[in-house]
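In terms of the UniProt record's numbering, the sequence shown opens at residue 1 and continues consecutively. Idealized CB from N, CA, C, for every residue including glycine.
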Amino acid sequence: MIEKSVAIPTDQTIFRQRMDDLVSSPLIKSFMAGAVSGTCSTILFQPLDLIKTRLQKSANLGTKLGMFAEIANVVRQERVLGLWTGLMPSLLRCVPGIGLYFTSLHWLKSSFGSEFPHPLESVIMGASARTIVGITVLPFTVLKTRYESGEFHYKSLSDGIRSTYAKEGFRALYSGLAPTLLRDVPFSGIYLMFYTHMKNLTSENGTTSAPYVNFTNGVLSGLLASFVTQPADVIKTNMQLYPTKYGRLKNVIILIYTERGLAGFWRGMVPRLMRRTLMSAMSWTMYEEVSNLFYNYMISYQTKV
């Protein structure tokens, strides 16, 4: 009787099998694709976020520098790399945040059971996913805003967390939660609704759209969503920079209106419009492309097997 030999899997075979299982998971793919897109877009558009924060801070201090004057001021005092001040907390906020956002969207989309959600479903999914992310990464948002303002000189991220907690308490790390959600939740809901609708219009018979088409859809969706949520961004920034001065949400709104009028709620709109619109468009475009790469990889792998 001839005994059949049993193949013993090697460490390399086991590792590859585990990697294949990992890549084939829809949630893992969504997180990885979102993290990759978040890294690239955050690094590229960090200067616009910094200028937006400085403009909103300067308005609070009574000065009225324009966007280009503020850029020149930062470069003159802090050199070109100063435009990337606050990059590390931005990455710690955006990379896992965007990854978690797309993961949450995938899970919610599966729960709704619709490949092509109607507008109301898109609003609910976008708003719900952003609520989860907004609460999770808010401490890094607070630190990012303070780094960018130039008023807080923390030695490191851990020093920033310790210093904020020691001097202002745990609540300071979640300062501006209400306006952050009032800004980000409607933004994501509106953005996803328009992006999904335009994607359905521009794709032919459910086929994948070209990258430039996805980017254009993202820009148009981002412009409208950013404009609508600009006042909430101004309120959020002021609450996170000066939590003891403003206190509650109602006080912030009253003080901004009293000191600066209605125009105060639109301070820093141009750099935010540019940054938020382009960053969202790039994140979604890269997410679509990386997701397609994962999909094509799994198809080619399965055909070989």
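Assuming V234 and G261 form a contact by the criterion Cβ under 8 angstroms, report the distance between their Cβ atoms to the nearest whole angstrom.
Between G261 and V234 the Cβ distance is about 12 angstroms, and since that is not below 8 angstroms, they are no contact.
Looking at P243 and S175, is the spacing between their C-beta atoms short of 8 angstroms?
yes
Return the chain-ordered list of same chain residues with a C-beta closer than 6 angstroms to the C-beta of A232, the five sequence neighbours on each side being excluded.
P179, L182, R183
If we call anything under 8 angstroms between Cβ atoms a contact, is L201 one with G126?
no
Report yes if the C-beta distance between S226 and R272 is below 8 angstroms; otherwise report no.
yes
Keeping to the same chain, check which residues put their C-beta closer than 7 angstroms to that of R93; ignore five residues upstream and five downstream.
V137, F140, T141, K144
Distance CB(F31)-CB(T131) smaller than 8 angstroms:
no
Note down, in chain order, each residue of its chain lying with its Cβ closer than 8 angstroms to the Cβ of S5, except the 5 sequence neighbours on either side.
Low per-residue confidence applies at S5: pLDDT is 48, beneath 50, and the placement is therefore not dependable, though the value from the model is reported in the following sentence. Cβ within range, chain order: n/a, list empty.
Where F112 falls: helix, strand or coil (DSSP):
helix
Option nearest M67 by Cα separation, candidates G160, G82, L48
L48
Of the residues V36, K29, F170, the one placed nearest M279, counting alpha carbons only:
V36
Contacting residues, own chain, Cβ-Cβ under 8 angstroms from L83 (five flanking each side not counted)
Q46, P47, L50, I51, I71, V74, V75
Within its chain, find whatever has a CB closer than 7 angstroms to the CB of Y246; leave out the 5 residues flanking it on each side and keep chain order.
N238, M239, V252, L255
Within a Cβ cutoff of 6 angstroms, which residues of the same chain sit near L100, ignoring the five residues on either side of it in sequence?
V133
Between the Cα of G218 and the Cα atoms of L177, M274, E259, F170, which residue gives the shortest distance?
M274
How is S25 classed by DSSP in three states: helix, strand or coil?
coil
Please classify I98 as buried or exposed, where buried requires at least 16 neighbouring CB atoms within 10 angstroms.
buried
CA-CA distance, N292 and A210?
11 angstroms
Inside the UniProt repeat "Solcar" (25 to 111) only - alpha helix (DSSP H) runs reaching at least 4 residues
26 to 60, 67 to 78
Tell me which residue opens and which closes the alpha helix (DSSP H) that F215 is part of.
211 to 228
Is the CB-CB distance between A129 and V290 below 8 angstroms?
no
Segment limits, alpha helix (DSSP H) that includes E148
119 to 149
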